[in-house]
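In terms of this note's numbering, the numbers along the sequence shown are unbroken and rise by one, the last being 225.
Note sheet for the following structure.
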Amino acid sequence: MAYNTVALINRQHNLACTYREVHLSREEWKEGVRPGDEYPVFDTGFGCVGMQTCCDGFFPQSTAIPPGKGAEVIVASTWGDTLPDADGKVSGETVFRARARDNGVYLASAVYDGNSLVIDPMDRILALDAGKTGVFWAEVDLSKRECLDWVGYWRSIGPRDRVPKGPWTPPRPTRRRGTLSSSSCHPFRTRYRVSRATATERLRNAAVWIDRLSLMYLRS
6 MAYNTVALIN RQHNLACTYR EVHLSREEWK EGVRPGDEYP VFDTGFGCVG MQTCCDGFFP
66 QSTAIPPGKG AEVIVASTWG DTLPDADGKV SGETVFRARA RDNGVYLASA VYDGNSLVID
126 PMDRILALDA GKTGVFWAEV DLSKRECLDW VGYWRSIGPR DRVPKGPWTP PRPTRRRGTL
186 SSSSCHPFRT RYRVSRATAT ERLRNAAVWI DRLSLMYLRS
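Right, here's the structure in full:
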C-alpha cells in the first residue's frame, strides 16, 4: 500500500515524525495511492510543527487542525502552483498566505516547481526564493504567533470541529480501527456528496431564500 509521505528529520539527524497526505490528487487516486487519516504535531524543542503536502494546502482543515493540537509552524511541501499563471494570478501563494493568517501560524513551504516561501501569521512573506534552487531561511518569533487577541478568545469558546448542520452539510467520514474506511475515503463518491434532505425541507429552504431576496429587492 502506497502513501504520499513527508518525513521530519530532527537535529540529531534521526527520523522524528512522518505525515501521510490526507487529500490526494486525482492522479494519485488513479495510481492507487491511499490517503492518510491524521494530522500529527511534533515538538522540536524550540516549537511545535505540523505538516502537510501537495493538495492538502487547498483544504482548510489541513492547516486548521494542527494549530488546535499546538502546532506553531506549518511545514508544507508541494510540487508547484506558486508561480504566476497567464493572468498573473498566483493561486498557490494566495492560498498559503490565507491559511497562515486564518490560523495564526507561521507557514514554511518548500516548492519543487515554483516559489518556496516563509509566511508569518499576518500573511506577510518573510523569505522568498523567487523560483531559484538553493537554501534560504527566515527568523521567526513564535511568541508573536497569536497576533489577534480575539482569535485566541474565539478558539477558547468555539470548538474547532463544529460544523453547522443543514441540508447541504457533507457527511463526516466514518472511522474503523483508527483509519478511514474504504467507502468513506473515495474522492468522488463521498467528498462532494451532500446529506439527504426531504423534498419538503428543500422547498422550505427555497421559500426562505426567495423571501429574503424579495425583501432585499424592496429595500433597494
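Ideal placement from N, C-alpha and C gives every residue a C-beta, glycine not left out.
Would the beta-carbon of residue i fall within 8 Å of that of residue j?
i: residue 80; j: residue 132; result: no
i: residue 103; j: residue 134; result: no
i: residue 45; j: residue 59; result: no
i: residue 76; j: residue 54; result: yes
i: residue 255; j: residue 31; result: Nothing can be reported for residue 255: it is not among the residues displayed for the chain, which extend from 6 to 225.
i: residue 50; j: residue 24; result: no
i: residue 47; j: residue 20; result: no
i: residue 228; j: residue 56; result: Summary: the structure shown does not reach residue 228, with the chain confined to residues 6 through 225, and so no result is reported for it.
Are there 16 or more other CB atoms within 10 angstroms of the CB of residue i, so buried, or fewer, so exposed?
i: residue 16; result: exposed
i: residue 61; result: buried
i: residue 29; result: buried
i: residue 199; result: Legend: pLDDT at residue 199 = 41, less than 50; position of this residue unreliable, value from coordinates given subsequently. The residue in question, residue 199, is exposed, as its Cβ has fewer than 16 Cβ neighbours within 10 Å.
i: residue 144; result: exposed
i: residue 141; result: exposed
For the putative contact between residue i and residue j, defined by C-beta atoms under 8 Å, what is the C-beta separation to the nearest angstrom?
i: residue 111; j: residue 100; result: Contact doesn't hold; Cβ gap of about 16 Å is too wide.
i: residue 85; j: residue 147; result: With 8 Å as the limit, residue 85 and residue 147 do not qualify as a contact, their Cβ atoms being about 28 Å apart.
i: residue 119; j: residue 97; result: 6 Å
Between the Cα of residue i and those of the options, spot the shortest distance and give me the residue it belongs to.
i: residue 6; options: 34, 109, 14; result: 34
i: residue 72; options: 42, 10, 108, 50; result: 108
i: residue 105; options: 37, 141, 49, 66; result: 66
i: residue 117; options: 82, 63, 36, 10; result: 82
i: residue 126; options: 74, 64, 142, 78; result: 78
i: residue 74; options: 43, 18, 137; result: 43
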